[in-house]
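Note sheet for the following structure.
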Amino acid sequence: MSNIILFTDRYRYFLYGGSADMRKSFAGLCGIVINEMHMTITDNDIFVFLNKDKTHMKILLHEHNGFTMLYRKLDKGRFDLLMQEGGNNAVALNASDLLSILKGLSFHKYRQYT
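Quick look at the structure:
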């Protein structure tokens with residue numbers, strides 16, 4: 002089992018620029034990473050996915066022995082992100098960015114991963 006609760010700079014973080022179907026599980030989210038984000042999944046990569054309304058979040062982590070997934074649903078409000086809409090690109094994050102999003106703080110950076 003992962004120590005995912007400790008979001009540190011040990012990991013590389015990527016936010017999916019589009020909206021994800023929250024019914025997707027491991028294989029479906031990996032498909033988004035490979036086919037839409039055009040990335041390879043490597044150890045210690047964390048991928049963050051939001052639904053269309055930005056009320057649900059899934060976090061997918063890959064480590065040497067498998068995948069870990071976290072799911073967060075807000076009771077009220079939305080995850081506050083000011084990003085380019087409609088893109089399927091990966092936005093590079095760091096641990097502080099992800100923690101800010103999870104705590105409900107505004108996220109106003111846009112760093113596209115290339």
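Sequence positions in the sequence shown follow the working numbering and run 2 to 115.
Just so it is clear, CB atoms sit at the ideal spot from N, CA and C, and this is done for glycine as well.
In this text, all values refer to a predicted model and were calculated from it rather than measured experimentally.
- Task: Helix, strand or coil for Leu62, going by three-state DSSP, please let me know.
- Result: strand
- Task: For Arg13, collect the residues of the same chain with a Cβ closer than 6 Å to its Cβ; drop the 5 residues on either side in sequence, then sort them by chain order.
- Result: Asp46
- Task: Would you list the one or two residues that DSSP bridges to Ile1?
- Result: The requested residue 1 is not part of the displayed model; the chain covers only 2 to 115.
- At least 3 beta-carbon pairs within less than 8 Å: the region 96 to 106 vs the region 27 to 38: no
- What does a CB cutoff of less than 6 Å around Val49 pick up in its chain, not counting 5 residues either side in sequence? Leu16 and Ile60
- State yes or no: is the C-beta of Asn52 within less than 8 Å of the C-beta of Ala93? no
- Item | Span of the beta strand (DSSP E), counted from its first residue to its last, around Ala93 | Ala91 to Leu94
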